[in-house]
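Residue numbers (the working numbering): 1 to 157.
A virtual CB, placed ideally from N, CA and C, is assigned to each residue, including glycine.
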């Protein structure tokens, strides 16, 4: 078991021992994960990271599977213009490689925004530290777990 997966499992167990990690087989996209889990693509919570162009701070945006982060709205929430975050920096800050970034279990605290679109579902799923592992819970619980500010920042792709 990878260190990333262990860290997520530990964070989940500490928060709620009933939360479980699910393997999605070869599902490495939101669409494939949704098919594997038998749910809507928007029930897959994607973790998208941007870097503040002024502060250099990383910001995490947890958004629904068929939506994308609107950079103008996201920049207003972050309080600064945003740009692409470097994969090495993401790994150093969160402890996760791109494709497996979980909303929980980061190495360091990160400012997080949670897509209000996710609140329309009873259960949603997010990466659990690897590209093929997820965990599921109520969206309100996931927002609490990642200390995400519920916000309107996404748009249809």
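Annotation: residue 87 to residue 73 spans about 23 Å, alpha carbon to alpha carbon. Under the 10 Å beta carbon count, residue 54 is surrounded by fewer than 16 other beta carbons and is classified as exposed.
When the alpha-carbon of residue 65 is set against those of 13, 39, 110, the nearest one is in 39. For residue 107, the three-state secondary structure derived from DSSP is coil.
Residue 113 has 61, 149 as its beta-bridge partners, per DSSP. For residue 143, the closest alpha carbon among the candidates 47, 22, 29, 1 is that of 47. Excluding five sequence positions before and after residue 105, the CB atoms of its chain that fall closer than 6 Å to its own CB belong to 7, 8, 11, given in chain order. For residue 71, the enclosing alpha helix (DSSP H) stretches over residues 71-78.
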